[in-house]
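Participant: Residue numbers (UniProt numbering), protein chains in the order written: chain A, 1 to 290; chain B, 1 to 290.
Just so you know, even glycine gets a beta-carbon here, dropped at the ideal spot from N, CA and C.
Every value quoted in this text rests on a predicted model; they were computed, and no experiment measured them.
Number of protein chains: 2
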Amino acid sequence: MGNAGNAGSPPGTGAGGAARFAVNQETVRQLSLPELAAACGDLGVAGVGLWRAPVQRYGVAQTARLVRDAGLTVTSLCRGGFLTAADPAGRRRALDDNRAAVDEAAGIGTGTLVLVCGGLPPGDRDLYGARERIADALAELVPHAAGCGVRLAVEALHPMFASDRCVVSTLGQALDLAERFPADRVGVVVDTYHLWWDDRAPAQVERAGRAGRIAAFQLADWCTPLPAGVLLGRGQLGDGSVDFRFWRELVTAAGYTGWTEVEIFNEALRARDGREVLAETLERFRAHVL
Amino acid sequence: MGNAGNAGSPPGTGAGGAARFAVNQETVRQLSLPELAAACGDLGVAGVGLWRAPVQRYGVAQTARLVRDAGLTVTSLCRGGFLTAADPAGRRRALDDNRAAVDEAAGIGTGTLVLVCGGLPPGDRDLYGARERIADALAELVPHAAGCGVRLAVEALHPMFASDRCVVSTLGQALDLAERFPADRVGVVVDTYHLWWDDRAPAQVERAGRAGRIAAFQLADWCTPLPAGVLLGRGQLGDGSVDFRFWRELVTAAGYTGWTEVEIFNEALRARDGREVLAETLERFRAHVL
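1. With burial defined as no fewer than 16 other Cβ atoms inside 10 Å of the residue's Cβ, what is the status of Y128 of chain A: buried or exposed?
2. Could you pull the start and end residues of the alpha helix (DSSP H) that T192 of chain A belongs to?
3. State yes or no: is the C-beta of V74 of chain A within less than 9 Å of the C-beta of T110 of chain A?
4. Which residues, in chain order, does the stretch 163-181 of chain B contribute to contact with chain A at a C-beta distance below 7 Å?
5. Beta strand (DSSP E) containing C78 of chain B: first to last residue?
6. Closer than 9 Å, CB to CB, is L83 of chain B near chain A or not?
7. Using the Cβ count rule (16 or more neighbours within 10 Å means buried), how would you classify A85 of chain A?
8. Is any beta-carbon of chain B found at less than 9 Å from that of A228 of chain A?
9. Indicate whether the contact test is met: 3 or more Cβ pairs, each with one atom in the stretch 113-128 of chain A and one in the stretch 152-164 of chain B, closer than 8 Å.
10. Give the list of continuous beta strand (DSSP E) stretches no shorter than 3 residues that lie fully inside the stretch 188-270 of chain B.
11. Whole angstroms is fine: what's the gap from Q236 of chain A's alpha carbon to A70 of chain B's?
12. Hey, could you find the ends of the alpha helix (DSSP H) T27 of chain A is sitting in?
13. Would you mind giving the Cβ-Cβ distance between L175 of chain B and V188 of chain B, rounded to the nearest angstrom? I have them listed as a contact below 8 Å.
14. For L269 of chain B, which residues from the same chain have a beta carbon less than 6 Å from its beta carbon, with the 5 sequence-adjacent residues on both sides left out?
15. Checking contacts by CB at 9 Å: is G239 of chain A closer than that to chain B?
16. Give the DSSP bridge partners of V155 of chain A, in chain order.
17. With DSSP run on the structure shown, which of helix, strand or coil describes L115 of chain B?
18. With the cut-off set at 9 Å, would you say V28 of chain A and E104 of chain A are in Cβ contact?
19. If you draw a straight line from the C-alpha of T260 of chain A to the C-alpha of Q218 of chain A, how long is it?
20. Have a look at T63 of chain B and W222 of chain A and give me their C-alpha separation to the nearest angstrom.
21. Give me, in chain order, the residues of the same chain whose beta-carbon lies closer than 8 Å to that of R180 of chain A; leave out the 5 immediate sequence neighbours on both sides.
22. Quick check on the burial criterion: 16 or more other C-beta atoms within 10 angstroms. Buried or exposed for G49 of chain A?
23. Given this structure, state the Cα-to-Cα distance separating V60 of chain B from W51 of chain B, to the nearest angstrom.
24. Quick one: is R65 of chain A buried, meaning 16 or more other Cβ sit within 10 Å of its Cβ, or exposed?
25. Have a look at R245 of chain B and W197 of chain B and give me their C-alpha separation to the nearest angstrom.
26. Apart from the five residues on each side of it in sequence, which residues of its chain come closer than 6 Å, Cβ to Cβ, to A145 of chain A?
27. Looking only at its chain, what residues have a beta carbon closer than 7 Å to the beta carbon of P121 of chain B, apart from the 5 residues adjacent to it on each side?
28. Taking only beta-carbon positions, decide if Y128 of chain A is within less than 9 Å of chain B.
29. Spell out the partners DSSP gives A22 of chain B in its beta bridges.
30. Our contact map puts G274 of chain B next to Q30 of chain B with C-beta atoms below 8 Å; I'd like the distance itself, whole angstroms only.
31. So what does DSSP say about C148 of chain B, is it helix, strand or coil?
32. Any C-beta of chain A within less than 9 Å: which residues of the stretch 190-209 of chain B qualify?
33. Determine the chain B residues that contact L120 of chain A at a beta-carbon separation under 9 Å, and present them in chain order.
34. Who are the neighbours of R286 of chain A on chain B, taking C-beta pairs under 7 Å?
35. Please report whether the beta-carbon of T224 of chain B lies at a distance below 9 Å from any beta-carbon of chain A.
36. So with Cβ pairs under 9 Å, would you call P34 of chain B a contact of chain A?
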């Protein structure tokens, strides 16, 4: 497994590298899975990133059948992770949940499980210890994931999420964790929303690509002011500060040939017609990424 | 000028290094300057960090007299900066404003002007270009600042401010800028709120300290959820995720012997009695920093 969860060349764009558009389900969460599959069919979108909760609600086997019948590739499943619990019971629960996530990923036919690794436990201030617990948990999960043909994809989250969602804040840290394991077992996610500000990220993309560890490439724009809680402030492509061509060229130069998955959490987009948002997102992708 | 804006040894604590408490005016912005001076006198607080707007309202000469009569040291003036304008008129205005800020710093008797360097101009996505414009602006400002006995202190802001407030997001980037100039002309700010998440910051603190470039050490805690706009979400010491002893030991090991300035922007603190907040902050400093 190299710099992509799925093989194949970009159809119809002629741009090469990371030019294949996929939509992450959360970008258009107002669409049910069948609505999403239909909208993708109408617009010629061939890849979708899915989330565990809607997949569980619809059913893993039913989801697998739906995407197969629609001719869709599942580019990733979001998300496992939250591996920083310090107490034995919390740790055991997290490992069990992640093994279930691996099974779900395999069940819907994707080889990529995205991990949001977890923040600091309540009252804990030890970032270094939390990162070590993530490494320990990965070591426990890798054999099961490997047996299922699923690669774990460590995602660095923006530093504003360091305390409550993910103590892995840079691509360099994500690689430090991933490199303790074979590249076909643990990869990393390159997400522009989380990494765009970091002048050291380009060198880390190169490091990731050289080792064949780029498991997913995700896009969202950076817009301000951020909303309360900051989670739902991601911007539509072109609305913010991210230079997407720079990032596409970066991952392409690093050898990545997989999907480019647009993953935007945004209240305003969710309040609109989902098919219209998907069409707009595809249009923005052509205007700002290709 | 070394790792401190002001000379002298820590009184009464016996802790050495960065053990001298100072309060930044914005932590208790509900207090007028005379009220702040009186409250500091009552609590034995000997250092204050001031802001331009309240100083301008009260008057530069009057502020100088007030702090002198109260026996207070002004540890820093916040803030100059916003040096990223790409158009000649905007750039000229910024330079003029920063020269005025230098004059005000000198006027109130502090040798440290904190710079928040500025975000991306509207529609601009070039972080690298913006950082170069900051370097150019520093080169224009340094001679005037040097003539006034004022050191420019480049502050790295948390990456969540990269687009709209400061494209300098890490201590390493701040040092890359500062090191183009002599250490007694351009230093850096070490602020826990902005740097706490970064595993590369400790090595950069060492780099800064070795070169005598730590111009200010500021504290606030990291708390979530962040409020809308994220600016006023800084936490009282001990309420969040920052390990303050780790940071105090870090700057102390790097040779810093200056003030430790507590700078918290927090709506809830501002809504309370300012003298009570100052007393609480001092108490928290003793409990969580010393």
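Facilitator: The structure says:
1. Under this definition Y128 of chain A is an exposed residue.
2. Where T192 of chain A is concerned, the enclosing alpha helix (DSSP H) stretches over T192 to L195.
3. Remark: C-beta atoms of V74 of chain A and T110 of chain A approach each other more closely than 9 Å.
4. Per Cβ criterion, the list reads S163, D164, S169 and Q173.
5. Counting along the chain, C78 of chain B sits inside the beta strand (DSSP E) bounded by residues T73 to G81.
6. Chain A has no Cβ within less than 9 Å of the Cβ of L83 of chain B.
7. With 16 or more other Cβ atoms within 10 Å, it is buried.
8. Yes, A228 of chain A counts as interfacial toward chain B.
9. As far as the Cβ criterion goes, the stretch 113-128 of chain A does not touch the stretch 152-164 of chain B, which means the pair count is below three.
10. The stretch 188-270 of chain B contains these whole beta strand (DSSP E) runs: 214-219 and 259-262.
11. Inter-residue distance for Q236 of chain A and A70 of chain B is about 53 Å (C-alpha atoms, whole angstroms).
12. First-last for T27 of chain A: undefined, no H or E at that position.
13. Under the criterion of beta carbons closer than 8 Å, L175 of chain B and V188 of chain B qualify as touching, at roughly 6 Å.
14. Within the same chain, and ignoring the five residues on either side of L269 of chain B in sequence, the residues whose Cβ sits closer than 6 Å to its Cβ are V277.
15. Reading off the sequence, residue 239 of chain A comes out as Asp, not Gly. Chain B, which has no Cβ nearer than 9 Å to the Cβ of D239 of chain A, makes this no.
16. Per the sequence presented here, residue 155 of chain A reads as Glu, with Val not at that position. A:V189, per the DSSP bridge assignment.
17. Here L115 of chain B sits in strand by DSSP.
18. For V28 of chain A and E104 of chain A, no; Cβs fall outside 9 Å.
19. Cα to Cα, the separation comes out at about 6 Å.
20. If I take the Cα positions, the gap works out to 40 Å.
21. If we look at R180 of chain A and ignore the five residues flanking it on each side, its Cβ neighbours are A135, L138, A139 and V186.
22. Answer is buried; the Cβ neighbour count reaches 16.
23. Computed Cα separation, rounded: 11 Å.
24. The residue in question, R65 of chain A, is exposed, as its Cβ has fewer than 16 Cβ neighbours within 10 Å.
25. One C-alpha to the other measures close to 15 Å.
26. So the qualifying residues of the chain are V102 and L152.
27. Only residues of its own chain outside the window of five on either side were considered, and among them T84, A85 and A86 have a CB closer than 7 Å to the CB of P121 of chain B, listed in chain order.
28. Yes, Y128 of chain A counts as interfacial toward chain B.
29. Under the DSSP definition of a beta bridge, A22 of chain B partners with B:G47 and B:E261.
30. Between Q30 of chain B and G274 of chain B the Cβ distance is about 4 Å, and since that is below 8 Å, they are a contact.
31. Of the three classes helix, strand and coil, the one that applies to C148 of chain B here is coil, per DSSP.
32. Only those residues of the stretch 190-209 of chain B whose C-beta falls short of 9 Å from the nearest C-beta of chain A are listed: W196, W197, D198, D199 and R200.
33. Contact of L120 of chain A with chain B by beta-carbon distance below 9 Å involves S241.
34. Those within 7 Å of R286 of chain A in chain B number zero; the least Cβ separation is about 18 Å.
35. Any Cβ of chain A closer than 9 Å to the Cβ of T224 of chain B would place that residue at the interface, and such an atom is present.
36. P34 of chain B has a beta carbon lying at 9 Å or more from every beta carbon in chain A.
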